[in-house]
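Working notes for the structure below.
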Amino acid sequence: MTARIDLPEVDWRRVSPRYIVVDVVGYIIFGLIVTAVPVVIALTTGVRWLWIAAAALAVVFLVTIVLTPRRVRAIGYQLRDDDVLFRKGILYQRFVSVPYGRMQLVDINRGPLARALGLSELKFVTAAAATGVVIPGLAEADAEELRDRLVALAESRRAGL
Amino acid sequence: MTPERSQAVTDGQAFTDGEWHRLHPLTPLLRGGIAFIAILGFVLYNLRDIGIEILVGGEGGQPDPLIWLYESGYFWLAVLGVLVALVVVIVGYYLSWRMNTFRITDEVVEVRSGILFRRNRKGRLDRIQGINIARPFFARLFGAARLEVNVAGQDANIKLDYLGSTAADQLRVDILRLASGTRRAEAAAAAGVAEKNATDADGRPIARSAAASQLIETRMNEFLAPELDPGLAPPESVVTMHLGRLIGSLLLSGFSIFVLAFIGGIIWGVTATGSLIFLVGLLPALIGTSGYYISRFTRSLRYSIAGTPDGVRIGFGLLSTSNETLPPGRIHSVQVNQPLLWRKAGWWEIKVNRASTSSAQGAAGQQNTTILPVGNLDDVHKVLALVLPDLTDEASAALLHSGIVSRGGDDGFTNSPRRSRVYLWFSWRRNGFAMLPGAVLLRQGVIWRQLTIVPQARMQSVALQQGPVFRRLRLATVKLHTVAGPIVPSLGAVDSLQAEQFFRDVAAAAIRSSSIDTSHRWRSGEAPA
Chain A
49 MTARIDLPEV DWRRVSPRYI VVDVVGYIIF GLIVTAVPVV IALTTGVRWL
99 WIAAAALAVV FLVTIVLTPR RVRAIGYQLR DDDVLFRKGI LYQRFVSVPY
149 GRMQLVDINR GPLARALGLS ELKFVTAAAA TGVVIPGLAE ADAEELRDRL
199 VALAESRRAG L
Chain B
54 MTPERSQAVT DGQAFTDGEW HRLHPLTPLL RGGIAFIAIL GFVLYNLRDI
104 GIEILVGGEG GQPDPLIWLY ESGYFWLAVL GVLVALVVVI VGYYLSWRMN
154 TFRITDEVVE VRSGILFRRN RKGRLDRIQG INIARPFFAR LFGAARLEVN
204 VAGQDANIKL DYLGSTAADQ LRVDILRLAS GTRRAEAAAA AGVAEKNATD
254 ADGRPIARSA AASQLIETRM NEFLAPELDP GLAPPESVVT MHLGRLIGSL
304 LLSGFSIFVL AFIGGIIWGV TATGSLIFLV GLLPALIGTS GYYISRFTRS
354 LRYSIAGTPD GVRIGFGLLS TSNETLPPGR IHSVQVNQPL LWRKAGWWEI
404 KVNRASTSSA QGAAGQQNTT ILPVGNLDDV HKVLALVLPD LTDEASAALL
454 HSGIVSRGGD DGFTNSPRRS RVYLWFSWRR NGFAMLPGAV LLRQGVIWRQ
504 LTIVPQARMQ SVALQQGPVF RRLRLATVKL HTVAGPIVPS LGAVDSLQAE
554 QFFRDVAAAA IRSSSIDTSH RWRSGEAPA
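Chains as they are written, first to last, in my numbering: chain A, 49 to 209; chain B, 54 to 582.
Take a look at the structure:
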């Protein structure tokens with residue numbers, strides 16, 4: 049028996065593998081900036097132990113970057129008859145179900161790199177802040193089609209709060 | 054008295070006819086003009102002294118700026134300036150009152166205000182999350198009340214301050230009736246009945262031209278009348294607040310422990326160092342804590358809760374009162390909990406999550422979400438029956454009861470497995486969930502006992518989570534997402550297979566319940582009378 053939670057009956061749709069590039073580049077830039085801070089301070093003031101902090105940060109970011117392909121492959125979603133199912137995470141797994149009638153709005157976001165690769169990010173907003181469902185790495189046309197479909201579905205299953 | 058107001062008192066339909074109306078004529082005074090009058094009085098009082106001094110002859114008093122002004126020759130200019138300022142302020146107040154109008158149609162409630170910067174706020178009646186009538190002490194003396202219509206969201210209140218006290222009560226009934234989805238003709242008929250009751254309840258027809266003594270008497274009756282208008286709600290509050298219990302619950306709070314620790318710290322400081330410098334902090338702390346206790350006490354005194362056809366009505370307050378109606382289906386989750394210190398006494402507290410925030414409540418919005426400040430188990434069941442009317446059948450009530458007090462075991466709940474005891478040392482037997490038709494129950498804690506009830510039709514989404522520690526233990530966490538509030542419904546350490554099944558069930562139930570839910574128009578299903 050496996051301890052890992054799973055919903056075997058669901059046929060997950062995965063996000064585009066190109067999203068790995070977006071995520072990796074994002075983490076490289078962010079990691080360089082964050083590790084540069086202790087490095088610069090160490091160079092100017094000569095405090096030794098800051099080098100250790102910088103090295104630790106670098107290791108954390110390297111591990112994150114190495115694991116990115118697996119993490120992206122773990123993201124999945126499925127549009128069921130009445131709700132959206134979403135999953136993500138390997139170490140910390142999370143499954144969310146959002147009924148269409150509960151969606152208050154659907155956002156499409158595009159970062160500069162994602163736009164260059166033709167990718168979009170779809171965000172669902174309900175009246176609960178904790179819902180937090182964001183599907184990254186969708187092809188632009190898919191995202192727009194998905195959004196229109198979701199809005200139409202939400203409209204037909206509209207409920208109060 | 055303006056024609057609108059006197060009309061509103063005699064004719065209940067006046068406010069809901071879709072026309073624009075004005076607020077109570079004393080509004081500017083009640084909103085803050087009091088301070089202005091106090092300042093004016095202070096200045097006049099001083100002027101009188103100076104006048105006497107000038108006429109009788111000064112007795113060598115110290116040089117006064119006003120006397121200097123009088124002698125300097127600019128005196129009449131200054132007097133003119135003061136008069137102009139006075140006129141401007143009075144005209145400003147008058148205009149702001151003139152420009153502040155509201156109307157209530159079949160669909161919306163709308164308020165316009167502002168002299169230079171106009172502001173228009175419109176709220177849809179079927180989106181109402183609650184109606185609150187607050188009577189601050191001072192406004193109460195003048196027989197005025199503030200009516201606040203809450204819709205979902207932060208700062209999403211439509212305030213009508215101030216209205217005549219009786220008119221406000223009547224208007225609430227009318228708005229709720231319009232919001233409930235009954236047809237207009239019916240509403241008119243029903244409103245007529247309610248209006249009759251309202252005047253009957255007051256004991257006498259409210260004639261504004263009556264003798265002054267009668268006016269004062271009416272005011273006194275209004276002031277002393279029970280919070281719930283007997284004509285509009287069942288006369289009895291289902292829960293009575295005992296004085297001893299209220300005081301006890303305040304003393305047995307976490308805050309009291311903090312106060313005791315603080316006093317202990319000061320005593321230790323004084324005895325250990327021998328210097329009295331530590332006493333300096335005592336006075337402000339004393340004022341602060343007594344203020345806290347007194348405000349909690351007077352707010353919770355005369356607490357009442359009662360069911361009406363248009364929702365649950367909760368009243369609070371001794372001097373400043375507030376009285377709120379929550380229409381059906383506006384409660385997003387309910388939590389019954391028991392702080393450790395209350396255990397011996399068998400007291401409980403009930404909180405709710407709701408989509409709106411009412412500004413009327415002041416300190417930390419506390420009373421706004423606490424619908425039962427303290428009560429015994431009996432009170433808890435009565436209040437739960439009011440706020441969750443669908444869960445009043447015997448089986449549900451039994452399950453709720455075991456959810457509140459049971460120590461765990463085979464009692465209708467699916468509890469955490471034995472292996473979770475490394476994570477939940479004491480409460481693993483009790484930590485569990487159950488499904489009722491229409492609601493999900495989460496039971497937690499054996500020391501701090503709590504039961505969270507989430508109506509399925511109000512659930513926004515549901516999540517299933519698992520981290521590395523729980524994975525080793527084959528456990529998982531289930532979270533139910535509702536609107537923001539003091540309650541975060543979440544249950545950890547559930548057997549992972551059971552959690553998966555629970556997630557599926559809850560997701561399906563949420564869809565099913567919300568598709569058949571009609572509570573935003575709670576009377577629309579009723580057959581027309």
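Here a beta-carbon is modelled for each residue, glycine too, at the ideal position from N, C-alpha and C.
Original post:
Using the beta-carbon of each residue, which ones in chain A are nearer than 7 Å to Gln388 (chain B)?
Top reply: Here residue 388 (chain B) corresponds to residue number 335 of the second sequence, with the count starting at 1. By Cβ distance, chain A contributes nothing, its closest Cβ being about 16 Å from Gln388 (chain B), past 7 Å.
Original post:
What number of angstroms, rounded off, separates the C-alpha of Asn203 (chain B) from the C-alpha of Asn406 (chain B)?
Top reply: Counted from its first residue, the second sequence places residue 203 (chain B) at position 150. Counted from its first residue, the second sequence places residue 406 (chain B) at position 353. Those two C-alpha atoms are separated by around 14 Å.
Original post:
If you compare alpha carbons, which of A:Tyr140, A:Leu127 and A:Thr83 is closest to Arg62 (chain A)?
Top reply: In the first sequence, counting from the first residue as 1, residue 62 (chain A) sits at position 14. It is A:Leu127 whose Cα lies nearest to the Cα of Arg62 (chain A).
Subject >> C-beta contact flag for Ala516 (chain B) and Phe143 (chain A) at 9 Å >> reply: Position 463 of the second sequence holds residue 516 (chain B). Position 95 of the first sequence holds residue 143 (chain A). Going by C-beta atoms, Ala516 (chain B) is nearer than 9 Å to Phe143 (chain A).
Original post:
Which bits of chain B does Ala104 (chain A) rub up against, with CB to CB less than 9 Å?
Top reply: Counted from its first residue, the first sequence places residue 104 (chain A) at position 56. Neighbours of Ala104 (chain A) on chain B: none; closest Cβ ~20 Å, over 9 Å.
Original post:
With a cut-off of 9 Å, does the C-beta of Val111 (chain A) fall near any C-beta of chain B?
Top reply: Position 63 of the first sequence holds residue 111 (chain A). With 9 Å as the cut-off, Val111 (chain A) does not count as an interface residue toward chain B.
**OP:** Identify the continuous beta strand (DSSP E) that holds Ile403 (chain B) and give its terminal residues.
**Re:** Position 350 of the second sequence, counted from the start, is the residue given in the question as residue 403 (chain B). Where Ile403 (chain B) is concerned, the enclosing beta strand (DSSP E) stretches over Trp401 to Arg407.
Subject >> Interface flag, Val536 (chain B) vs chain A, CB-CB below 9 Å >> reply: Within the second sequence, the letter at position 483 stands for residue 536 (chain B). So, interface residue.
Original post:
Can the beta-carbon of Ala560 (chain B) be found less than 9 Å from the beta-carbon of Leu133 (chain A)?
Top reply: For this step, residue 560 (chain B) is matched to residue 507 along the second sequence. For this step, residue 133 (chain A) is matched to residue 85 along the first sequence. A contact, by the Cβ cut-off of 9 Å.
Subject >> Residue range of the alpha helix (DSSP H) that includes Met152 (chain B) >> reply: The residue given as residue 152 (chain B) occupies position 99 in the second sequence. Here the alpha helix (DSSP H) through Met152 (chain B) covers Phe128 to Met152.
Original post:
Would you say Ala563 (chain B) faces chain A, with C-beta separation under 9 Å as the test?
Top reply: Position 510 of the second sequence, counting from 1, holds the residue named residue 563 (chain B). At least one chain A Cβ lies under 9 Å of Ala563 (chain B).
Original post:
Would the beta-carbon of Ala487 (chain B) fall within 9 Å of that of Leu477 (chain B)?
Top reply: Taking the first residue of the second sequence as 1, we reach residue 487 (chain B) at position 434. Taking the first residue of the second sequence as 1, we reach residue 477 (chain B) at position 424. No. Outside cutoff.
Subject >> Beta carbon proximity, Ala552 (chain B) to chain A, threshold 9 Å >> reply: Numbered from 1 along the second sequence, position 499 holds the residue referred to as residue 552 (chain B). It does; some Cβ of chain A falls within 9 Å.
**OP:** Counting only the same chain and skipping the five closest in sequence on each side, list residues whose C-beta sits under 6 Å from that of Ala510 (chain B).
**Re:** Sequence index remark: in the second sequence, residue 510 (chain B) carries index 457 (1-based). Taken in chain order, the residues that qualify are Ser566, Ser567 and Asp570.
**OP:** Run the proximity test for Thr112 (chain A): is its beta-carbon closer than 8 Å to any non-hydrogen atom belonging to the ligand PLP?
**Re:** For the ligand PLP, the structure offers nothing, since it holds no ligand at all.
Subject >> Residues sharing a beta bridge with Lys617 (chain B), DSSP >> reply: A question about residue 617 (chain B) goes unanswered here, because the residues of chain B that appear run from 54 up to 582.
Subject >> DSSP-derived helix/strand/coil call for Leu454 (chain B) >> reply: Against the second sequence, residue 454 (chain B) aligns to sequence position 401. Checking the displayed sequence, the identity of residue 454 (chain B) turns out to be His instead of Leu. Three-state result, His454 (chain B): helix.
Original post:
Which partner residues does Lys171 (chain A) have in the DSSP bridge list?
Top reply: Counting from one through the first sequence, the residue named residue 171 (chain A) turns up at place 123. Beta-bridge pairing links Lys171 (chain A) to A:Asp155 and A:Val182.
Subject >> Contact under 9 Å by Cβ, Ile53 (chain A) with Glu72 (chain B) >> reply: Along the first sequence, one-based indexing puts residue 53 (chain A) at 5. Along the second sequence, one-based indexing puts residue 72 (chain B) at 19. No, Cβ-Cβ distance for Ile53 (chain A) and Glu72 (chain B) is not below 9 Å.
**OP:** Would you check if the segment 514-532 of chain B and the segment 391-403 of chain B touch, i.e. whether three or more CB-CB distances between them fall below 8 Å?
**Re:** no
Original post:
Whose Cβ in chain C lies nearer than 7 Å to the Cβ of Ala221 (chain B)?
Top reply: Annotation note: the requested chain C is absent from the structure, which comprises protein chains A and B.
Subject >> Asp443 (chain B) versus Leu452 (chain B) - alpha carbon distance >> reply: Here residue 443 (chain B) refers to the residue found at position 390 of the second sequence. Here residue 452 (chain B) refers to the residue found at position 399 of the second sequence. Roughly 13 Å between the two C-alpha positions.
**OP:** Per DSSP, which residues does Arg142 (chain A) bridge with? Please list them.
**Re:** For the purposes of this step, residue 142 (chain A) is identified with residue 94 of the first sequence, where counting begins at 1. Arg142 (chain A) pairs with A:Lys136 and B:Gln518.
Subject >> Proximity test, Cβ basis, 9 Å: Ser262 (chain B) and chain A >> reply: Residue numbering aside, residue 262 (chain B) sits at position 209 when the second sequence is read from its first letter. In this prediction, Ser262 (chain B) scores a pLDDT of 43, lower than 50, which makes its location untrustworthy; the coordinate-derived value is nonetheless stated afterwards. So no, Ser262 (chain B) is outside the interface.
**OP:** Measure how close the beta-carbons of Tyr67 (chain A) and Ile113 (chain A) come, nearest whole angstrom, since I'm counting them as under 8 Å.
**Re:** Translated into the one-based positions of the first sequence, residue 67 (chain A) becomes position 19. Translated into the one-based positions of the first sequence, residue 113 (chain A) becomes position 65. With a Cβ gap of about 14 Å, Tyr67 (chain A) and Ile113 (chain A) do not count as contacting.
Original post:
Quick one: does Ala175 (chain A) have its CB under 9 Å from some CB of chain B?
Top reply: Taking the first sequence and counting its residues from 1, the one referred to as residue 175 (chain A) is at position 127. For Ala175 (chain A), the answer is yes, since a Cβ of chain B falls inside 9 Å of its Cβ.
Original post:
Given that Val515 (chain B) touches chain A, what residues does it touch there, using C-beta distances under 8 Å?
Top reply: For the purposes of this step, residue 515 (chain B) is identified with residue 462 of the second sequence, where counting begins at 1. Simply Val144 and Ser145.
**OP:** State yes or no: is the beta carbon of Gln518 (chain B) nearer than 9 Å to at least one beta carbon in chain A?
**Re:** As a first step, residue 518 (chain B) is located in the second sequence; it is residue number 465 there, counting from the start. Interface residue, yes.
**OP:** Write down the C-beta distance between Leu335 (chain B) and Ile310 (chain B) rounded to the nearest angstrom, noting that I regard them as a contact closer than 8 Å.
**Re:** Here residue 335 (chain B) corresponds to residue number 282 of the second sequence, with the count starting at 1. Here residue 310 (chain B) corresponds to residue number 257 of the second sequence, with the count starting at 1. Incorrect: roughly 18 Å between the Cβ atoms, too far for contact.
Original post:
Near Ser218 (chain B), which residues of its chain fall below 8 Å by C-beta distance, leaving aside the five closest residues on each side in sequence?
Top reply: Numbered from 1 along the second sequence, position 165 holds the residue referred to as residue 218 (chain B). Only Arg188, Arg193, Gly196, Ala197, Ala198 and Glu275 meet the Cβ criterion.
Original post:
Cα separation between Val458 (chain B) and Phe331 (chain B)?
Top reply: Working through the second sequence from its first residue, we reach residue 458 (chain B) at position 405. Working through the second sequence from its first residue, we reach residue 331 (chain B) at position 278. Looking at the two C-alpha atoms, the distance is approximately 45 Å.
Subject >> Contact list for Arg205 (chain A) against chain B, beta-carbon separation under 9 Å >> reply: As a working mapping, residue 205 (chain A) is identified with position 157 in the first sequence. Going along chain B in sequence order, the residues near Arg205 (chain A) (Cβ under 9 Å) are Ile564, Ser567 and Ser568.
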